[in-house]
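A quick write-up on the structure given underneath.
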Amino acid sequence: MKDISFKSLLKHHPHHSRRQELEINLPLVLLIGASIAVAIYILLLPIRTSPIGVLLYDRGFTQPLTIALASIVATITILKYIKLRQEYRALRRIWIAEHIPLNQPNSQEIALLQQRLAKEGSLVAVRCSRILQAYIQSGDRTAAAEFALDDSSFYTSSSESSYSFPRILVWAIPLLGFLGTVFGISQAVGGFTGVLEQAGDVDQIKEGITSVTTGLAVAFDTTLLALCLSILVMIPLVLVERYESHLLLGIDVFINDKLLPRLQTKNKDLSAETINNAVKGAIDEHFPNPETLVEPAHQYAREAAQKLATGFLTEIAKIQDISSQVIEQVANVREIAAKDRQEFMTFFGQQHQANQELIEQIKNTVEEIKARNQSVANGLSDQTREIRQQLEQLTSVLENRVSALEKATSKITDLQQLQHNLNNSLQSLEKAGHLEEVLVGVKDNLARLQPLLQQMNKPRRITFIEQDNGNIPL
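For the sequence shown, the residue numbers in my numbering are 564 to 1037.
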């Protein structure tokens, strides 16, 4: 008998040979995700000056990348959910009529049912079609059950591996946020250096502090957006993955409860009792009652029975040889299927282990980046706090000095007015010729005050000197 392998059972259905009923088109996902990201930025353009607009437009190059990756993950989740909903409806709709003789693998009804299921296109229909094809080829429920088990293992492994790409994107979104944090902190440090170089003017100090706070805003806003989006897309992705696992479990339950029990188990051995019953039935059916025949008929019957028995035993021997060949071929088929299954499980086990190692490496990298960013943020916060205190002290001292200068200027103006009045009085007194001695004394006093007034009327300059300990004394 011709050898049978499970790979040849699908040769009549090349359309479903790749078994990608639950897969989604990756180029379509990338196109839809990019379109969603562009649409978000176009729709939010009128409110660019709002806090949300500033968060998306004015916080560096990592924000558009974060939006794009989150849009791709959301697109994968939505398309997966739509496809799974269709498969759930197909699972609730499919049924196999009771009048179809599934215990007869060579019947025309089973062939028509297999072709109809193959054309339907849903996952449960295609899997039932492949199982019926295996049953038609082998004629044994055991072979069909083993094929169903291999099919279930393949779809389970394929489902787990199909979520590797969106999981990587979910982990990459916080990494983009941390990258934006590093960029913002570096910008803030650069602005702080500019503040120290331009510390001679109060307005320049205020502008430098503005650039420092802008860099810090970039650092924290990028992390905020990335963490929020990663949480928003990760939870639906996990729910859809669990939804797909329930779908595959429901299909396995349907196959094991509704389809496989109705298939026939092939008889592999012919017992002596079966042979005797077959011989006895053949004799009773093809030979008349001996009591109604004469002695020549008895003799003829015995010879005919002997010849028939001899020929029947010969045919039985041939049947046993054919049965032995069938048993041997079925054993070979099982061995080949077990070997293929073992290789398949080994490959997917290695792939799963590689994915787990990659995920662990990404987790460790994220934790290291988090720790470094936290230490840098703490150090920068302490330095910013110290600089703010020093600037406040400096501003207070400057205000006190300016107030003192204003008071001194007011006193100088009063003294000049007093000098003018005294000069007028002296001129009047000189004209009148009185109190010459008093005028002489007053003039001497005015002559002594004149250098002091000239010195106080001169412009003043304040110089800042930077020390090594970070303080800025006057």
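All residues carry an ideal CB built from backbone N, CA and C; glycine is no exception.
| Query | Result |
| --- | --- |
| So which of LEU647, ILE699, LYS646 and LEU654 has the shortest CA-CA distance to SER670? | ILE699 |
| Could you work out which residue in SER692, VAL601, HIS662 and LEU628 is closest to PHE741 when comparing CA atoms only? | LEU628 |
| The alpha helix (DSSP H) spanning PRO614 covers which residue range? | 614-620 |
| Between LEU654 and LEU790, what straight-line distance do the alpha-carbon atoms span, to the nearest angstrom? | 37 Å |
| Once the 5 residues before and after ILE673 are set aside, which same chain residues still bring their CB inside 8 Å of it? | ILE663, PRO664, LEU665, GLN667, LEU695, TYR698 and ILE699 |
| What's the call for ILE748, buried or exposed, on a 16-neighbour Cβ count within 10 Å? | buried |
| Quick one: what does DSSP say ASN986 is sitting in, helix, strand or coil? | helix |
| Kindly confirm or deny that the stretch 599-618 and the stretch 710-728 touch, where touching means at least three C-beta pairs closer than 8 Å. | no |
| Using C-beta distances below 6 Å, list every residue in its chain close to THR513, excluding the 5 sequence neighbours before and after it, in chain order. | Past the edges of the chain, shown from 564 to 1037, lies residue 513, and the structure says nothing about it. |
| What is the C-beta distance between ILE599 and SER634, in whole angstroms, given that I count them as a contact (C-beta under 8 Å)? | 4 Å |
| Quick one: give me the first and last residue of the alpha helix (DSSP H) that LYS682 is part of. | 671-683 |
| Count the other C-beta atoms from every protein chain shown that fall within 10 angstroms of the C-beta of GLU650, then say buried if there are 16 or more, exposed otherwise. | buried |
| Along the alpha helix (DSSP H) that carries THR828, what are the first and last residues, could you check? | From DSSP, THR828 is part of no alpha helix (DSSP H); its letter is neither H nor E. |
| Since I believe ALA631 is in contact with GLY596 (beta carbons under 8 Å), could you give me their beta-carbon distance rounded to a whole number of angstroms? | 6 Å |
| Give me, in chain order, the residues of the same chain whose beta-carbon lies closer than 7 Å to that of SER571; leave out the 5 immediate sequence neighbours on both sides. | For SER571, the predicted model reports a pLDDT of 41, less than 50, meaning its position is unreliable; a value from the coordinates is still stated below. Cβ neighbours of SER571 beyond the five flanking positions: none. |
| What span of residues does the alpha helix (DSSP H) with GLY596 cover, start to end? | 589-606 |
| Under the three-state reduction of DSSP, which class applies to TRP658: helix, strand or coil? | coil |
| Ignore the nearest five residues each way along the sequence and tell me which others in ILE950's own chain have a CB closer than 6 Å to its CB. | none |
| Would you please state the rounded distance, in angstroms, between the beta carbons of LEU732 and THR625? I believe it to be under 8 Å. | Between THR625 and LEU732 the Cβ distance is about 14 Å, and since that is not below 8 Å, they are no contact. |
| Which value, in whole angstroms, describes the spacing of the CA atoms of THR947 and ASN936? | 16 Å |
| ASN963 to ASP977, Cα distance in whole Å? | 21 Å |
| Are the CB atoms of ILE587 and LYS646 nearer to each other than 8 Å? | yes |
| Work out the CA separation of THR705 and ALA637 for me, nearest whole Å. | 43 Å |
| Ignore the nearest five residues each way along the sequence and tell me which others in SER716's own chain have a CB closer than 8 Å to its CB. | ARG904, PHE907 and MET908 |
| I'd like the span of the alpha helix (DSSP H) that includes TYR718, first residue to last. | 704-725 |
| What's the gap between the Cα of VAL1003 and the Cα of LEU957? | 48 Å |
| Near GLY813, what residues of its chain come up, given a Cβ to Cβ distance below 7 Å and the 5 sequence neighbours on each side ignored? | LEU654 |
| Suppose contacts are defined by Cβ-Cβ distances below 8 Å. Is ILE657 in contact with VAL689 by that definition? | no |
| Compute the Euclidean distance between the alpha carbons of ILE925 and GLN914, then round it to the nearest angstrom. | 17 Å |
| Please confirm whether VAL1005 and LEU981 have their CB atoms less than 8 Å apart. | no |
| Quick check on the burial criterion: 16 or more other C-beta atoms within 10 angstroms. Buried or exposed for ALA602? | exposed |
| I need the straight-line Cα distance from ARG652 to LYS643, nearest angstrom please. | 14 Å |
| Given a threshold of 16 other Cβ atoms within 10 Å of its Cβ, counted over all protein chains shown, does LEU826 qualify as buried or as exposed? | buried |
| Are the beta-carbon atoms of CYS691 and LEU680 separated by less than 8 Å? | yes |
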